[in-house]
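Using the numbering used here, you'd call the opening residue of the sequence shown number 33 and step up by one each time.
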Amino acid sequence: MSQTRIPIVIYGPLSSYLEEQLKGRFQTHQLDADVDPAGLPDVVREARALVSFGSVGASAAMMDALPRLEMIGLFSVGYDKVDVAHAKAKGIKVSNTPDVLTDDVADLAVGLIYAAVRNIAANDRMVRSGGWARGGTVPLSGSVTGRRIGILGLGRIGQAIARRLEPVASEIIYHNRRPVPGAPYRYVADRIAFARESEVMIVATSGGPEARRLVDAAMLEALGPQGVLINISRGSVVDEDALVAALTEGRISGAGLDVFAQEPHVPETLFAMDNVVLQPHQGSATVNTRKAMADLVLANLDAWAAGKPLITPVV
Numbered sequence: 033m034s035q036t037r038i039p040i041v042i043y044g045p046l047s048s049y050l051e052e053q054l055k056g057r058f059q060t061h062q063l064d065a066d067v068d069p070a071g072l073p074d075v076v077r078e079a080r081a082l083v084s085f086g087s088v089g090a091s092a093a094m095m096d097a098l099p100r101l102e103m104i105g106l107f108s109v110g111y112d113k114v115d116v117a118h119a120k121a122k123g124i125k126v127s128n129t130p131d132v133l134t135d136d137v138a139d140l141a142v143g144l145i146y147a148a149v150r151n152i153a154a155n156d157r158m159v160r161s162g163g164w165a166r167g168g169t170v171p172l173s174g175s176v177t178g179r180r181i182g183i184l185g186l187g188r189i190g191q192a193i194a195r196r197l198e199p200v201a202s203e204i205i206y207h208n209r210r211p212v213p214g215a216p217y218r219y220v221a222d223r224i225a226f227a228r229e230s231e232v233m234i235v236a237t238s239g240g241p242e243a244r245r246l247v248d249a250a251m252l253e254a255l256g257p258q259g260v261l262i263n264i265s266r267g268s269v270v271d272e273d274a275l276v277a278a279l280t281e282g283r284i285s286g287a288g289l290d291v292f293a294q295e296p297h298v299p300e301t302l303f304a305m306d307n308v309v310l311q312p313h314q315g316s317a318t319v320n321t322r323k324a325m326a327d328l329v330l331a332n333l334d335a336w337a338a339g340k341p342l343i344t345p346v347v
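What follows is the structure, encoded as C-alpha cells:
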C-alpha cells in the first residue's frame, strides 16, 4: 500500500518540519493534545499510526479509541506518557528518538549548573533593571570548579554530562539501580548516601511510574543547604512540593530546572527565587537536534509501513 494512503494521527503539536513531512507521506488527521478520545470521528478512528510529542504520549483510552492502531511514533526519547504495557498487550509498536538529542540535553544540563551556581540569570536581571547602575550590592556566587558532581541515572545523557564535567569536578559519582559496567565513576548504591555526598545533583534518569518522585524530601534533605539540584529528566521524577519547600526554607542552595511536574504550569513560588533558573523544557530544542529527531520519527514510520523492524523500538 502506498504510504500516502495510510491514515495516521498527528496528536498534539509537533515541529513544522515533521508535520510537513508527515503530511507529504501519509493521510494525516490532526488532533489537539486535550481531545477526548471517546469523541473521535469515524474517519480518525481508521488511523493506523499515531505521532506525538513525549509530553503528550498516548493513553490507553486513546489506543482503544483507534481500533486499527499499529504504531506510535514518539518525537522524544521519553515515553512515560505512553501506556507501554497497554500498547504491548494490544500488539502496538512504539518508537522513540534516543541518542540524537544526547549532546544538546547534556549541554543544557551543564549550562544550568553554571547559571544556578554563578547567579547568571539573577545578575542578568539586576543589570537589566538598573540595580547595578544604582550601586546595588552584587552578592558573591559559589564556584563550580572543585565540586563533587552526583549524577542520578548514568545512561547515555548522564554519561555525556559526566564527560563534560570531568575537567572541573573534584569527583563524579552516580546512582543507578545497578553499577554501569566500565563506568569510570564511583557508584553509590544508596540514594540517600548518594545525595548526601553530592554537591551538585543532576537528575538524568528516565521517567515512568517506577521513578515517580524518586527525588523526594529525604533526598533533598540529604543534598543539604549547600547543594544544588539540576533536573533535565522528567518533572515527575522530583517531588515538586518537596523541592519548593526545600528552596523556600533554604534546605538546599538552588536549582536549575528544565522540566516540571505539570508542564507548562510551573509553581509560581519559584518565579521570585533568584537562586532558581527556569527553562521551558528546552533540552533538545535546537534546530539541528529537532530535525534529527524528526528524521528518526520518519525513519521508524517508514520501517513500520514497509513491514520492517523499527529502528529505535520501545516495544
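Positions of the beta carbon are idealized from the N, C-alpha and C atoms, including for glycine. As the structure is a prediction and not an experimental result, all values here were calculated from the model.
The beta carbons of R218 and E253 sit no closer together than 8 Å. Scanning the stretch 197 to 278 for uninterrupted alpha helix (DSSP H) segments of 4 residues or longer gives 223 to 229, 249 to 255, listed from N- to C-terminal end. Restricting attention to beta strand (DSSP E) runs no shorter than 3 residues, the stretch 47 to 83 encloses them at 59 to 63, ordered along the chain. Taking 3 residues as the minimum length, the beta strand (DSSP E) runs contained wholly in the stretch 78 to 118 are 81 to 84, 103 to 106, in order along the chain.
Rounded to the nearest angstrom, the gap between the Cα atoms of I224 and S230 is 10 Å. In its chain, beyond the 5 residues on either side, N128, V346 have a beta carbon closer than 6 Å to the beta carbon of Y111. Distances from the CA of M94 to each of S108, F107, A119 were compared; the closest alpha carbon is that of A119. Nearest to P341 by C-alpha distance, out of K125, G315, P213, is K125.
Here L101 is near L82, since their CB atoms are less than 8 Å apart. Excluding the 5 residues flanking it on each side, G339 has no same chain C-beta neighbour closer than 6 Å. Per the DSSP secondary-structure output, K120 pairs with nothing in a beta bridge. Between Y146 and P171, the alpha-carbon positions lie close to 16 Å from each other. For I145, the enclosing alpha helix (DSSP H) stretches over residues 134 to 149. The alpha-carbon of D248 is positioned some 14 Å away from that of R266. For A287, the enclosing beta strand (DSSP E) starts and ends at 286 to 289.
Assigned with DSSP and collapsed to three states, V126 falls in strand.
Distance between I181 and L98, taken at the CA atoms: about 46 Å. Beta-carbon to beta-carbon, S268 and G239 are separated by about 6 Å, close enough to satisfy the 8 Å threshold. According to DSSP, residue pairing for I40 in a beta bridge involves T60, A81.
If you look at V346, you'll find it isn't in any beta strand (DSSP E); DSSP assigns it neither H nor E. The continuous stretches of beta strand (DSSP E) do not include L333, which lies in the alpha helix (DSSP H) extending over residues 319 to 337.
V308 is a Cβ neighbour of A287, given a cutoff of 8 Å.
Here M103 has A81, K125, W336 as same chain residues with Cβ atoms under 6 Å from its own Cβ, once five neighbours each way along the sequence are excluded. When the five nearest sequence neighbours on each side are left out, the beta carbons in the same chain lying within less than 6 Å of the beta carbon of V41 are those of H61, L63, A79, L82, in order along the chain. With 16 or more neighbouring CB atoms inside 10 Å of its own CB, E272 falls in the buried class. Between the alpha carbons of L140 and G315 lies a distance of about 6 Å.
Note that the C-beta distance between R150 and V176 is below 8 Å. As a beta-bridge residue in DSSP terms, L184 pairs with H207, V235. Comparing C-alpha distances from E295 to each of S87, I189, P211 shows the shortest one belongs to S87. For P130, same chain residues with a beta-carbon under 8 Å away, outside a window of 5 residues either side, are V109, R188, T344 in chain order. By the neighbour-count criterion, in which 16 or more other beta carbons inside 10 Å mark a residue as buried, S161 falls on the exposed side.
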